[in-house]
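Enquirer:
2 protein chains.
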Amino acid sequence: MSVLFPKGFLAAGFASGIKESGDLDLSLVAVSGEKPAMAASTFTRNLAAAAPVQVSRSHLEESAGRINAVVLSSGNANAATGAKGITDAELMCSLTASGLGIPPNQVLVCSTGLIGIPMPTEKLKLGIPKLVALLGSSAVNGLSAAKAILTTDTKEKLVAFQGSNFRIGGMAKGAAMLAPNMATMLAVLTTDASVTQDVLKASLTDAVESSFNRLVIDGCTSTNDTVICLSSGEAGEVDREEFRSVLNNACMSLARQMAMDAEGATKFVTVKVVGAASADDADRAARKVAGSQLVQCSFYGADPYWGRLASEIGSSGAEFDLDQLEIRYGDYPVARGGVSVEYDEGALKAYMSKQEIEVVCSLGLGNGNAEIITTDLTPGYIAENMRTS
Amino acid sequence: MSVLFPKGFLAAGFASGIKESGDLDLSLVAVSGEKPAMAASTFTRNLAAAAPVQVSRSHLEESAGRINAVVLSSGNANAATGAKGITDAELMCSLTASGLGIPPNQVLVCSTGLIGIPMPTEKLKLGIPKLVALLGSSAVNGLSAAKAILTTDTKEKLVAFQGSNFRIGGMAKGAAMLAPNMATMLAVLTTDASVTQDVLKASLTDAVESSFNRLVIDGCTSTNDTVICLSSGEAGEVDREEFRSVLNNACMSLARQMAMDAEGATKFVTVKVVGAASADDADRAARKVAGSQLVQCSFYGADPYWGRLASEIGSSGAEFDLDQLEIRYGDYPVARGGVSVEYDEGALKAYMSKQEIEVVCSLGLGNGNAEIITTDLTPGYIAENMRTS
Chain S
24 MSVLFPKGFL AAGFASGIKE SGDLDLSLVA VSGEKPAMAA STFTRNLAAA APVQVSRSHL
84 EESAGRINAV VLSSGNANAA TGAKGITDAE LMCSLTASGL GIPPNQVLVC STGLIGIPMP
144 TEKLKLGIPK LVALLGSSAV NGLSAAKAIL TTDTKEKLVA FQGSNFRIGG MAKGAAMLAP
204 NMATMLAVLT TDASVTQDVL KASLTDAVES SFNRLVIDGC TSTNDTVICL SSGEAGEVDR
264 EEFRSVLNNA CMSLARQMAM DAEGATKFVT VKVVGAASAD DADRAARKVA GSQLVQCSFY
324 GADPYWGRLA SEIGSSGAEF DLDQLEIRYG DYPVARGGVS VEYDEGALKA YMSKQEIEVV
384 CSLGLGNGNA EIITTDLTPG YIAENMRTS
Chain W
24 MSVLFPKGFL AAGFASGIKE SGDLDLSLVA VSGEKPAMAA STFTRNLAAA APVQVSRSHL
84 EESAGRINAV VLSSGNANAA TGAKGITDAE LMCSLTASGL GIPPNQVLVC STGLIGIPMP
144 TEKLKLGIPK LVALLGSSAV NGLSAAKAIL TTDTKEKLVA FQGSNFRIGG MAKGAAMLAP
204 NMATMLAVLT TDASVTQDVL KASLTDAVES SFNRLVIDGC TSTNDTVICL SSGEAGEVDR
264 EEFRSVLNNA CMSLARQMAM DAEGATKFVT VKVVGAASAD DADRAARKVA GSQLVQCSFY
324 GADPYWGRLA SEIGSSGAEF DLDQLEIRYG DYPVARGGVS VEYDEGALKA YMSKQEIEVV
384 CSLGLGNGNA EIITTDLTPG YIAENMRTS
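Each protein sequence line maps, in turn, to chains S and W.
With our numbering applied, the first sequence covers 24 to 412.
With our numbering applied, the second sequence covers 24 to 412.
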């Protein structure tokens, strides 16, 4: 049910021709009434932030977070496109706004696709009015909106979570740091919970931190990453903590779907570092292990070569004492006190051949814990990324 | 001519059976006289430093840099091997020392290969006396010593540089940050220049910094990386600056040979960042670009997708203004003022299809420049690294 699961939203998807394939490439999520939604957003920290990111940031500020619609395009990132890029992103908002009869700065905009290529302005001019006309609340509408933001994704990513007296829905594409060929991670979440802007903002920041920001595929941060949450408020007051928790779960579900659909990936891997000297150290070590090409290759080969993990932790910058190190894959310990222990090779191989595996590195130095999600590195990733077309 | 090019050195290689293939796996470089050489060394900064690194560090200190021999093994890294690892590394030194009639702490030791596997002590006990007996000064000796340190390398890496009145020779394996399957970068350089320990140390640090430390393949730092330089002094006094310069060239030649032979690599790429706000910023940006999986994939595909470079620089932590960015591949500008410029696609494709290419990113912010060497990321890398056997 996607972004249409909570009360108060409409959606649409349209094929404007930005994608030469003829696939859906314009997406719209809007409130069904006249009253704008309360909006919160997190954006990429990349200093080469794309035009739509810059424009959305401004609109969010100008409108004090009162937003009626989010318009999204796929196939072209509108990044590294100079002044024309800004004009095109503003155009996407004003075309949407005039269709809906609202001010342009009550519209947010996202794009995903190739970097450094000017947007096909004429296609936007023709396409966006048609997109607005297609707005509706049927299941097909929600699905079309979700399909229209995909690039190298093989399937749409949807969530629908039910709280005790409210709902959260959402759609997403890509993976935060996978930055594929036709880059970027985008997510739009909707809710009918009535929450203050402060609560919405804090809850989203928290949810993004513990979901999308825990995902490390290739260490690349896109120019266009954007997560937006819109609240229609139609379900009335809710329990803050419950809202925060359900939003966390919704974002985590989308993050997992991204990892499962990462380019070329065949495995979903959770890397846990426990017992680090500090939480920061645990995070640093887990990110170094998860982002290591060598480690990711060994996941692909289902190879329990723990020496690589030790080497990555040792060069992560985290406090480290090899003599205290314990490593296990799932329930199979492979190292203790920094040296190999005997294990059942067949059983471990069978475990590592599963689609979803877990690695736990215990540093024995303190109480710092961290968890990062990653995938394996495969020839499929290279095949997808060696050429733009 | 390898390590035997300068006056005053002997070398040998032997197949002890550490490698199941039966290939050469023990290597020895020693001074030909009784007087020890002056030695300087740089070691990995990985906190999981292997036993031979720990032992060599101690010996270098205990002997005040007076070293008669370096014994090296390949096939097993003697890393993450606990107390037994230290005992085995000390054993390699004492066996070598007793063969040569010198104190054990005048021997340095290096190992490269799999991590986390105990050394086959019996093979060392049988092999090292035979290795010592093979010491000689013929071309075959130098070549055998160089072959005996290889792991996934496809060819030996040798240098022989002639100064005005001195010589520098050397051998190496692997790539500093490639950390392949059977990991590690090792290099032994020899010279007959008579230099003080301070000059030797400063020159080596400088040379390593501008060669091996400018090489970024996969961002992995090995547990065993070691570079050693031995000076016999037999050629007498030399010009300090000339010595520094020739040593720089020798290390750069070895670094280039490593990149050319990096696992699965088909291209040798120089990434230059110029006009950064500071030298540190330039270094940071160049390392982020060179180490990016996505960028390395596009090199493999000979794809001039400069948007990826912009995105990597933007997320490198360096000061950045997209509007000032210029990028060229070789002599072909592709972006100026942060947007695409027109170029001859056929000519650019032809350039990017070469084995050796250059990318120059101009940030337009200051005078900070940096240069990093890298390779492309290919299915061959994954095939080599997905399994340890």
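C-beta atoms are modelled at their ideal positions from N, C-alpha and C, and glycine is treated no differently.
Please read all numbers here as calculations on a predicted model, not as lab measurements.
Between which two residues does the alpha helix (DSSP H) holding residue 336/W run?
Expert: As a working mapping, residue 336/W is identified with position 313 in the second sequence. It spans 329-337 - the alpha helix (DSSP H) in which residue 336/W sits, taken as one unbroken run.
Enquirer: Residues of the region 310-324 of chain S in Cβ contact with chain W at a cutoff of 7 Å, in chain order, please.
Expert: Within the region 310-324 of chain S, the qualifying residues are 315, 316, 317, 320, 321, 323, 324.
Enquirer: Give me, in chain order, the residues of the same chain whose beta-carbon lies closer than 6 Å to that of residue 431/W; leave out the 5 immediate sequence neighbours on both sides.
Expert: Any question about residue 431/W goes unanswered here, given that chain W covers just 24 to 412.
Enquirer: Please list the residues of the region 129-141 of chain W that have a C-beta atom closer than 9 Å to any C-beta atom in chain S, keeping them in chain order.
Expert: Within the region 129-141 of chain W, the residues whose Cβ lies closer than 9 Å to some Cβ of chain S are 137, 138, 139, 140, 141, listed in chain order.
Enquirer: Cβ of residue 391/W less than 7 Å from any chain S Cβ?
Expert: Numbered from 1 along the second sequence, position 368 holds the residue referred to as residue 391/W. Judged by the 7 Å Cβ criterion, residue 391/W is not in contact with chain S.
Enquirer: According to DSSP, residue 250/W sits in a beta bridge with which residue or residues?
Expert: Your numbering for residue 250/W matches position 227 in the second sequence. According to DSSP, residue 250/W bridges with 65/W, 210/W.
Enquirer: Whose C-alpha, out of 374/W, 405/W, 231/W, 191/W, is nearest the C-alpha of residue 258/W?
Expert: Taking the first residue of the second sequence as 1, we reach residue 258/W at position 235. With distances taken between Cα atoms, residue 258/W lies closest to 191/W.
Enquirer: Within the region 301-369 of chain W, note down every full beta strand (DSSP E) run reaching 3 residues or more, in order along the chain.
Expert: Taking only runs of at least 3 residues, the beta strand (DSSP E) segments lying wholly in the region 301-369 of chain W are 349-352, 355-359.
Enquirer: Would the region 128-142 of chain S count as touching the region 99-109 of chain S if we require 3 or more Cβ pairs under 8 Å?
Expert: A contact exists between the region 128-142 of chain S and the region 99-109 of chain S.
Enquirer: Kindly list, in the order they appear in chain W, the residues whose Cβ is closer than 7 Å to that of residue 102/S.
Expert: Residue mapping note: residue 102/S aligns to position 79 of the first sequence, counting from 1. What residue 102/S touches in chain W: 330.
Enquirer: Measure the C-alpha to C-alpha separation of residue 102/S and residue 335/W and round it to an integer number of angstroms.
Expert: For this step, residue 102/S is matched to residue 79 along the first sequence. For this step, residue 335/W is matched to residue 312 along the second sequence. The alpha-carbon atoms of residue 102/S and residue 335/W are separated by roughly 13 Å.
Enquirer: Below 6 Å CB to CB, which residues in the same chain sit around residue 393/W once its five sequence neighbours on both sides are set aside?
Expert: Position 370 of the second sequence, counted from the first residue, corresponds to residue 393/W. Around residue 393/W: 296, 305, 306, 309.
Enquirer: Examine chain W for any beta-carbon lying closer than 7 Å to the beta-carbon of residue 200/S, and answer yes or no.
Expert: Looking up residue 200/S in the first sequence gives position 177. Legend: pLDDT at residue 200/S = 44, less than 50; position of this residue unreliable, no value from coordinates given.
Enquirer: Is it right to say residue 45/S is buried, meaning 16 or more other beta carbons lie within 10 angstroms of its own, or is it exposed?
Expert: On the first sequence, residue 45/S is found 22 positions in, with the first residue counted as 1. The residue in question, residue 45/S, is exposed, as its Cβ has fewer than 16 Cβ neighbours within 10 Å.
Enquirer: I want to see whether chain W comes within less than 7 Å of residue 343/S, judged by CB atoms only; does it?
Expert: Stepping through the first sequence from its first residue, residue 343/S is reached at position 320. Chain W contact via Cβ: present.
Enquirer: Among residues of its own chain, excluding the 5 on either side of residue 28/W, which ones have a beta-carbon nearer than 6 Å to its beta-carbon?
Expert: Here residue 28/W is taken as the residue at index 5 of the second sequence, counted from 1. Cβ neighbours of residue 28/W beyond the five flanking positions: 183, 190, 192.
Enquirer: Is the number of C-beta pairs between the region 149-161 of chain W and the region 31-43 of chain W that are closer than 8 Å three or more?
Expert: Verdict: yes, contact present.
Enquirer: Check whether the Cβ atoms of residue 53/S and residue 87/S sit closer than 7 Å, and answer yes or no.
Expert: Counting from 1 along the first sequence, the entry for residue 53/S is found at position 30. Counting from 1 along the first sequence, the entry for residue 87/S is found at position 64. No.
Enquirer: On the DSSP bridge list, what partners appear for residue 89/S?
Expert: As a position in the first sequence, residue 89/S is number 66, starting the count at 1. Answer is 61/S, bridged to residue 89/S.
Enquirer: Which class does residue 195/S belong to by DSSP, given the choice of helix, strand or coil?
Expert: To locate residue 195/S, count along the first sequence from 1; it is residue 172. Note: residue 195/S maps to strand in three-state DSSP.
Enquirer: Assuming residue 227/W and residue 270/W are in contact, meaning their beta carbons sit under 8 Å apart, how far apart are those beta carbons, in whole angstroms?
Expert: Within the second sequence, numbered from 1, the residue matching residue 227/W stands at position 204. Within the second sequence, numbered from 1, the residue matching residue 270/W stands at position 247. At roughly 7 Å, the Cβ-Cβ gap stays under 8 Å, so residue 227/W and residue 270/W are in contact.
Enquirer: Checking 7 Å against the spacing of the C-beta atoms, do residue 387/W and residue 215/W come in under that value?
Expert: For the purposes of this step, residue 387/W is taken as residue 364 along the second sequence, with counting starting at 1. For the purposes of this step, residue 215/W is taken as residue 192 along the second sequence, with counting starting at 1. Not closer than 7 Å, so no.
Enquirer: Kindly indicate the opening and closing residues of the beta strand (DSSP E) around residue 149/S.
Expert: As a first step, residue 149/S must be located in the first sequence, where it is residue number 126. It is not in any beta strand (DSSP E) - residue 149/S instead sits in the alpha helix (DSSP H) that spans 144-156.
Enquirer: Counting only beta-carbon separations shorter than 7 Å, does residue 70/S have a partner in chain W?
Expert: Here the question's residue 70/S lines up with position 47 in the first sequence. Taking Cβ atoms only, chain W reaches closer than 7 Å to residue 70/S, which makes this a yes.
Enquirer: Near residue 25/W, which residues of its chain fall below 6 Å by C-beta distance, leaving aside the five closest residues on each side in sequence?
Expert: Your numbering for residue 25/W matches position 2 in the second sequence. Counting only Cβ-Cβ distances below 6 Å, and skipping sequence neighbours, we find 165, 169, 181, 192, 194.
Enquirer: So residue 369/W contacts chain S; which residues on that side make the cut at Cβ distance below 8 Å?
Expert: Residue mapping note: residue 369/W aligns to position 346 of the second sequence, counting from 1. None at all; the shortest Cβ gap to chain S is about 15 Å.
Enquirer: Nearest by alpha-carbon distance to residue 370/S: which of 97/S, 333/S, 352/S, 176/S is it?
Expert: Residue 370/S sits at position 347 when you count from the first residue of the first sequence. Of the listed residues, the one whose Cα sits closest to residue 370/S is 352/S.
Enquirer: Does any residue of chain W bring its CB to less than 7 Å from the CB of residue 73/S?
Expert: Your numbering for residue 73/S matches position 50 in the first sequence. Chain W contact via Cβ: absent.
Enquirer: Using beta-carbon positions only, say whether residue 333/W and residue 375/W come within less than 7 Å of one another.
Expert: Locating residue 333/W in the second sequence gives position 310, where the first residue counts as 1. Locating residue 375/W in the second sequence gives position 352, where the first residue counts as 1. For residue 333/W and residue 375/W, no; Cβs fall outside 7 Å.
Enquirer: Are there 16 or more other CB atoms within 10 angstroms of the CB of residue 63/W, so buried, or fewer, so exposed?
Expert: Here residue 63/W is taken as the residue at index 40 of the second sequence, counted from 1. The residue is buried, with at least 16 neighbouring Cβ atoms inside 10 Å.
Enquirer: So, for residue 378/W: in the same chain, excluding its five sequence neighbours on each side, which residues have a beta-carbon less than 8 Å away from its beta-carbon?
Expert: Looking up residue 378/W in the second sequence gives position 355. Around residue 378/W: 289, 290, 291.
Enquirer: Does the region 400-409 of chain S come into contact with the region 399-410 of chain W, if we say contact requires no fewer than three beta-carbon pairs (one atom in each stretch) closer than 8 Å?
Expert: Segments in contact, yes.
Enquirer: Please confirm if residue 289/W has its CB atom under 7 Å from at least one CB of chain S.
Expert: Looking up residue 289/W in the second sequence gives position 266. So, not an interface residue.
Enquirer: When the Cα of residue 9/W is compared with those of 330/S, 229/S, 358/S, which residue comes out closest?
Expert: With chain W covering 24 to 412 only, the question about residue 9/W has no answer from this structure.
Enquirer: How many Å lie between residue 293/W and residue 129/W at the Cα?
Expert: Taking the first residue of the second sequence as 1, we reach residue 293/W at position 270. Taking the first residue of the second sequence as 1, we reach residue 129/W at position 106. Going from the Cα of residue 293/W to the Cα of residue 129/W covers about 39 Å.
Enquirer: Suppose the cutoff is 7 Å on Cβ atoms and the five residues either side in sequence are ignored; what does the same chain contact list for residue 357/S look like?
Expert: As a working note, residue 357/S is residue 334 in the first sequence. Here the set comprises 327, 329, 350, 351, 363, 364, 366.
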